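Contents: one structure, followed by commentary.
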Amino acid sequence: MHADDLRALGVRLIISMRGEKRPPTVFTEPPLHVLWLKTFDTFFTPIPIHKLMEGVQAALPVIQSGGRVLTHCHRGRHRGVAMAAAILIAMGHSADEAMRLLRDRRAIAHPEAWYIRRQIKKFEQQWRAQPF
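Counting from 2, one number per residue, gives the positions in the sequence shown under our numbering.
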């Protein structure tokens with residue numbers, strides 16, 4: 002997808018979960034903003050919960066102001082899906098609902114991978130435990 006297509010869709014924030022490659026600068030031109038949260042897709046290096054928190058804290062104001070957020074990773078199956086699930090959890094969904102919604106909307110999404118599911122569930126616990 003091209004940057005102009007994303008702008009036309011109302012995307013204002015791109016959360017890149019790719020650790021191996023910096024997002025192209027074309028995606029940093031206003032009104033697009035990029036948050037690069039370097040992560041790796043392996044059970045040896047689980048997604049840090051603080052990175053999911055950072056992404057959610059950046060995404061919520063964009064969504065609340067009517068903008069859209071795009072989360073992505075290398076293959077669109079794990080890390081980007083985990084970030085999208087965290088955002089949905091922060092918006093009031095349970096972890097299970099968020100994972101089901103993502104699977105229903107994106108056929109290749111695989112939040113059930115044990116090391117991804119575990120981090121989504123941990124995020125939910127920590128998010129719910131916060132004193133708002």
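We put the CB at the ideal spot given by N, CA and C, even for glycine.
All values derive from a computational prediction rather than experimental measurement.
Query	Result
Do the CB positions of Leu38 and Gly56 come within less than 9 Å of each other?	yes
According to DSSP, is His75 helix, strand or coil?	coil
Give me the Cα-Cα distance between Met100 and Arg8, rounded to the nearest whole angstrom.	26 Å
Contact defined as beta carbons within less than 8 Å: I believe Ile50 pairs with Gln131. What is the distance between those atoms, to the nearest angstrom?	Going by Cβ atoms, the distance from Ile50 to Gln131 rounds to 12 Å, so no, they are not a contact pair.
Thinking Thr72 and Ile16 are a contact (beta carbons under 8 Å), I'd like their distance in whole angstroms, please.	5 Å
Does the structure place the segment 25 to 34 close enough to the segment 83 to 97 that three or more beta carbon pairs sit under 8 Å?	no
When the Cα atoms are used, what is the spatial distance from His75 to Arg19?	6 Å
Contact defined as beta carbons within less than 8 Å: I believe Arg80 pairs with Thr40. What is the distance between those atoms, to the nearest angstrom?	5 Å
In three-state terms, what does DSSP make of His111?	coil
My output table needs one value for Ile50: the three-state DSSP class, helix, strand or coil.	helix
Give me the residue from Thr43, Leu14, Asp5, His3 with the minimum Cα distance to Ile64.	Leu14
Tell me, which residues are paired with Ser17 by DSSP?	Trp37, His73
Just checking my contact of Ala91 with Leu61 at CB under 8 Å: how many whole Å lie between their CB atoms?	6 Å
Using a Cβ-Cβ cutoff of less than 8 Å, which residues in the same chain neighbour Leu102 once the five nearest sequence positions on both sides are dropped?	Leu89, His94
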